[in-house]
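Student: Below: one structure in structure tokens.
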Amino acid sequence: MYYQVKELLLPDGKSPYADWFATLDAMAAAKVRVVVARMEQGNFSHVEWFRGIGEYKLDWGPGYRLYLAKDGLRMIILLGGGSKKRQQQDIERAVALWEDYQRRKLLMRKGT
Numbered sequence: 070m071y072y073q074v075k076e077l078l079l080p081d082g083k084s085p086y087a088d089w090f091a092t093l094d095a096m097a098a099a100k101v102r103v104v105v106a107r108m109e110q111g112n113f114s115h116v117e118w119f120r121g122i123g124e125y126k127l128d129w130g131p132g133y134r135l136y137l138a139k140d141g142l143r144m145i146i147l148l149g150g151g152s153k154k155r156q157q158q159d160i161e162r163a164v165a166l167w168e169d170y171q172r173r174k175l176l177m178r179k180g181t
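Put into structure tokens, the structure is as follows:
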């Protein structure tokens, strides 16, 4: 099964994932791109799901993490990224971003 992977966009058009990705060096960025490609192909074997989000742990560098959520059956929303050092703060931010996304989506459906 293939998945569509998209970045979360905030109301101002910014992407927390893109902001984080832009801080990575070339090698780290390449490894993250491979992770995203694997997720597009349905490989979530390194994802731990909790509190409505997933955390993909890369066993490389400072312990990079990607935060994501499933929106429907075939769409993955990239919420951001981080490292083991800031893991708890990054998780809290990803959960808050996901909850905000769901609220905005519900309001759009209601037409408000």
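Quick note: the sequence shown uses this note's numbering, first residue 70, plus one each step.
Glycine included, C-beta positions come from ideal geometry on N, C-alpha and C.
Keep in mind the model is a prediction, meaning the values are calculated, not measured.
1. Quick check: tyrosine 133 and valine 101, are their CB atoms within less than 8 angstroms of each other?
2. Should glutamate 117 go down as buried or exposed, given a rule of 16 or more other Cβ atoms within 10 Å for buried?
3. Using a Cβ distance threshold of 8 angstroms, determine whether the stretch 97 to 111 contacts the stretch 154 to 162, with at least three qualifying pairs required.
4. Count the other CB atoms within 10 Å of the CB of glycine 82; is the residue buried (16 or more) or exposed (fewer)?
5. For glycine 123, which residues from the same chain have a beta carbon less than 6 angstroms from its beta carbon, with the 5 sequence-adjacent residues on both sides left out?
6. Could you tell me how far apart the beta carbons of tryptophan 89 and glycine 121 are, in whole angstroms, since I believe they sit closer than 8 angstroms?
7. Excluding sequence positions up to five away, which residues of its chain have a Cβ less than 6 angstroms from the Cβ of glycine 130?
Tutor: Reading off the structure:
1. For the purposes of this step, residue 133 is identified with residue 64 of the sequence shown, where counting begins at 1. For the purposes of this step, residue 101 is identified with residue 32 of the sequence shown, where counting begins at 1. Cβ distance < 8 angstroms, so tyrosine 133 and valine 101 count as in contact.
2. As a first step, residue 117 must be located in the sequence shown, where it is residue number 48. Under this definition glutamate 117 is an exposed residue.
3. no
4. The residue labelled residue 82 in the question sits at position 13 within the sequence shown. By the 10 Å Cβ count, glycine 82 comes out exposed.
5. By one-based count along the sequence shown, residue 123 stands at place 54. Answer for glycine 123: Val116, Leu137, listed in chain order.
6. The count along the sequence shown starts at 1 and reaches residue 89 at position 20. The count along the sequence shown starts at 1 and reaches residue 121 at position 52. Actually they do not touch by this definition, with Cβ atoms about 19 angstroms apart.
7. The residue labelled residue 130 in the question sits at position 61 within the sequence shown. Excluding residues within five positions, the ones whose Cβ falls inside 6 angstroms are Ala97.
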